[in-house]
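Asker:
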Amino acid sequence: MGCANIAERYMIPAINALEEFKLVAVASRTQETAQKFAEKFNCEAIVGYQSLLEREDIDAIYLPLPTGLHNEWINKSLDAGKHILAEKSLGIDFHSTKAMVEKAQEKKLLLMENFQFQYHSQHNYVKKLLTSGEIGEMRSFRASFGFPPLAWNNFRYNAELGGGSLLDAGSYMLKVSQFFLGSDLEVKAADLVYDEELKVDLYGTAYLTNGKLSSQVAWGFDNFYQCNYEIWGSKGKLSCERAYSAPPGFSPKIIIEKQGLRTEILLDSDNHFENILKYFRHSILEQKYEHHFKEILTQARLIEQVKLKTSL
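Just add 486 to the spot in the sequence shown (first one is 1) and you have my numbering.
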C-alpha cells in the first residue's frame, strides 16, 4: 500500500525473493505509478488504497505510507481483516498508536512496526560479544543516525504527513537503545530543534536510562552522515559503523578497542529485509502478536517522552 522508495528498492524485492510470499498487487494513488511498479515487480496495479483492501486474495499489507496517513489506513486495513507490516513510526502520538494496537488485538491480527535493522545478524554478533565479556561490563551506550538535508518536497518536511526527524531518524535511536538496554528505559532529557517555517523538527538529542545503564543518542536531517553506535565497557569499546541501513550484499564491520589494541572484524553480509519478513510470517502462523504490540507501545511511549521533555 504505497510506492515509497524503500518499497521499490528493498522491501518488494525481498518479498519476491522469498518463496513463502506471493506479491499479489501494489496500490498507488495514481495509475502511472501503480503500473510502473506492477511492470517492474510482476504483479497487479491497483489505483486507490481502498481498492487493495477489498481484495479477498490478500492476507497481509506492507504499508510504507508516511506516518501521518497511518491512523486512517492501518485502521481500515485491520477492519478489512489484513495483517500489517508498517513502516516506522507507526503513529503520530501515543494515543493514536495505542488505539491501533487495541484494534489489532480486537481483530486478532498482527500489527508490526518495520525496524528491520534489528534482524541483521551483525547485531546478534555484537550481543554475543557482550555476553562473552569481550569488552567487560557495559558502562554506557551511544548512537547517532542522521544525514544531510533532503529535497524540500520530501514528506519528512511535511508536518501534516507526520514529518520531522524524531519520527524518522530519531525513532531508530530509541529502538536501538531498547535493543541493547531493554524496554524499561525512561527519557530523562531531550532536545528537538525545529524549523519555524516548516513546523517540523530537524534534529535532536536524548538521554535515556534504566537506572543502571544510560543511552546517549543524536539524530537529524541536517547533519553530516552518521549511522553508528558504540558500547563503552569496563575493559574496552565496541563500535558498529553501519548499524541501521546495511544493504543486502554489504559486509559490516565491528571495531573492538582495548588498551593499545584495535581489532576490526569483517562480518558476512545479510539481508535484514528478508529476515524481518520471515519473522513477520512466523509470528502470523504462530499467532504470536502480543510482544509486537508491547514493542510498539514502548516505542510510542519513549517518543512521547522525548516530546514532553523537549517542551519543558
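Even for Gly, the Cβ is constructed at its ideal location relative to N, Cα and C.
What does residue 687 pair with, by DSSP beta-bridge criteria?
Answerer: Paired residue(s): 680.
Asker: Just to confirm the assignment: which complete alpha helix (DSSP H) runs, minimum length 4, are found wholly within the segment 739-785?
Answerer: If we require 4 residues or more, the alpha helix (DSSP H) runs fully inside the segment 739-785 come out as 758-772.
Asker: Grouping DSSP H, G and I as helix and E and B as strand, with all else coil, what is residue 487?
Answerer: In the structure shown, residue 487 sits in coil (DSSP, three-state: anything other than H, G, I, E or B).
Asker: With residue 580 as the anchor, note down where its alpha helix (DSSP H) starts and where it stops.
Answerer: Here the alpha helix (DSSP H) through residue 580 covers 580-593.
Asker: Whole angstroms is fine: what's the gap from residue 663's alpha carbon to residue 531's?
Answerer: About 39 Å.
Asker: Would you kindly work out how many angstroms separate the C-alpha atoms of residue 729 and residue 715, rounded to a whole number?
Answerer: Taking the straight line joining both Cα atoms gives about 7 Å.
Asker: From the DSSP secondary-structure annotation, give me the bridge partner or partners of residue 513.
Answerer: Per DSSP, 532.
Asker: Whole angstroms is fine: what's the gap from residue 680's alpha carbon to residue 790's?
Answerer: If you take the alpha carbons of residue 680 and residue 790, they lie about 16 Å apart.
Asker: Using beta-carbon positions only, say whether residue 706 and residue 649 come within less than 8 Å of one another.
Answerer: Not a contact, by the Cβ cut-off of 8 Å.
Asker: Looking only at its own chain, which residues have a Cβ that is under 8 Å from the Cβ of residue 711, when we skip the five neighbours before and after it?
Answerer: Hits under 8 Å: 632, 633 and 634.
Asker: From the DSSP secondary-structure annotation, give me the bridge partner or partners of residue 692.
Answerer: According to DSSP, residue 692 bridges with 676 and 703.
Asker: Over the uninterrupted beta strand (DSSP E) stretch that includes residue 571, give me the two end residues.
Answerer: Segment 569-573, the beta strand (DSSP E) holding residue 571.
Asker: Quick one: what does DSSP say residue 546 is sitting in, helix, strand or coil?
Answerer: Residue state, collapsed to three classes: strand.
Asker: For residue 747, count neighbouring Cβ atoms within 10 angstroms of its own Cβ and tell me buried if that reaches 16, exposed if not.
Answerer: So residue 747 counts as exposed.
Asker: Return yes when the Cβ of residue 595 is within less than 8 Å of the Cβ of residue 568, no when it is not.
Answerer: In this structure, residue 595 lies closer than 8 Å to residue 568 by Cβ.
Asker: Would you identify the three-state DSSP class for residue 559, choosing helix, strand or coil?
Answerer: It is helical.
Asker: Helix, strand or coil: how does DSSP classify residue 656 here?
Answerer: Helix at residue 656.
Asker: On the criterion of 16 or more Cβ atoms from any shown chain inside 10 Å, does residue 618 qualify as buried, or is it exposed?
Answerer: Flag for residue 618 reads exposed.
Asker: Exposed or buried, what is residue 550 when buried is set at 16 or more other beta-carbons lying within 10 Å of its beta-carbon?
Answerer: It is buried - the Cβ of residue 550 has at least 16 other Cβ atoms within 10 Å.
Asker: Buried or exposed: which applies to residue 773, given that a residue is buried once 16 or more other Cβ atoms fall within 10 Å of its Cβ?
Answerer: Result: exposed.
Asker: DSSP state of residue 666, grouped into three classes?
Answerer: In this structure, residue 666 counts as helix in the three-state DSSP scheme.
Asker: Classify residue 723 as helix, strand or coil using the three-state DSSP reduction.
Answerer: In this structure, residue 723 counts as strand in the three-state DSSP scheme.
Asker: Sort out for me which residues DSSP pairs residue 628 with in a bridge.
Answerer: Paired residues: 702 and 716.
Asker: When the Cα of residue 693 is compared with those of 675, 526, 657 and 699, which residue comes out closest?
Answerer: Ranking the options by Cα distance to residue 693, first place goes to 675.
Asker: With a threshold of 16 other CB atoms inside 10 Å of the CB of residue 749, please say whether the residue is buried or exposed.
Answerer: With fewer than 16 other Cβ atoms within 10 Å, it is exposed.
Asker: Can you check DSSP and say which residues form a bridge with residue 551?
Answerer: Beta-bridge pairing links residue 551 to no other residue.
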